[in-house]
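Sequential numbering from 119 applies to the sequence shown in this note's numbering. Ideal Cβ positions, reconstructed from N, Cα and C, are used throughout, including at glycine. Here the structure comes first, spelled out in structure tokens, and everything after it is commentary.
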Amino acid sequence: VNWFRTDEKGKFLWPGYCENLRILEWIVDRCDEKIDAQKCPIGYLPKIENIDLTGLPLPSGTWEKFFRLDKKNWTDDLDGIREFFKQFKKDLPEELWQEYEGLRERISTLK
119 VNWFRTDEKG KFLWPGYCEN LRILEWIVDR CDEKIDAQKC PIGYLPKIEN
169 IDLTGLPLPS GTWEKFFRLD KKNWTDDLDG IREFFKQFKK DLPEELWQEY
219 EGLRERISTL K
């Protein structure tokens, strides 16, 4: 999830850091196996009913924008990650390259 996503007017979709406790609560509940998540190519995403949105003035459709997986954006990000990883040459653990390749494969399945 990219909490720094912006709308068509360049405004941040998420109301700000002061609301991040809502996400941290979701993380803790996931760790404690109190709630489920939806599996997707990048990992597990919250289900809207598992995030306390009480009192948040989120315009209609905002939640969907948070979790939209854009293939081009992710592919661009992967290119940047690859360049970052290359800096470490042989010092980068092979497991990180394996995770990277797995993510690249999963991203390729996006429409």
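Output the distance between the C-alpha atoms of I225 and P164, rounded to the nearest integer angstrom. Cα to Cα, the separation comes out at about 19 Å.
If you drop the 5 nearest sequence neighbours on each side, which residues of the same chain put their C-beta closer than 6 Å to that of I169? Setting aside the 5 residues that flank it on each side, I169 is surrounded in the same chain by R140, W144, each with a C-beta closer than 6 Å to its C-beta; the list follows chain order.
Under the three-state DSSP convention, the category G173 falls into: Coil at G173, not helix or strand.
For a test of the three-state rule: what should DSSP assign to Q205, helix, strand or coil? In this structure, Q205 counts as coil in the three-state DSSP scheme.
Pick out whichever of T124, P133, E212 has its Cα sitting closest to the Cα of L171. In terms of Cα proximity to L171, the closest of T124, P133, E212 is P133.
Can you tell which of E167, G198, G128, D194 has the C-alpha that lies nearest to the C-alpha of K182? Note on identity: in this sequence residue 182 is Glu, with Lys being the wrong assignment. The shortest CA-to-CA distance from E182 to any of E167, G198, G128, D194 is the one to E167.
If you measure between the beta carbons of L228 and K190, is that distance less than 7 Å? No, these two residues do not count as a Cβ contact at 7 Å.
Between K157 and F185, what straight-line distance do the alpha-carbon atoms span, to the nearest angstrom? Cα-Cα distance, rounded: 12 Å.
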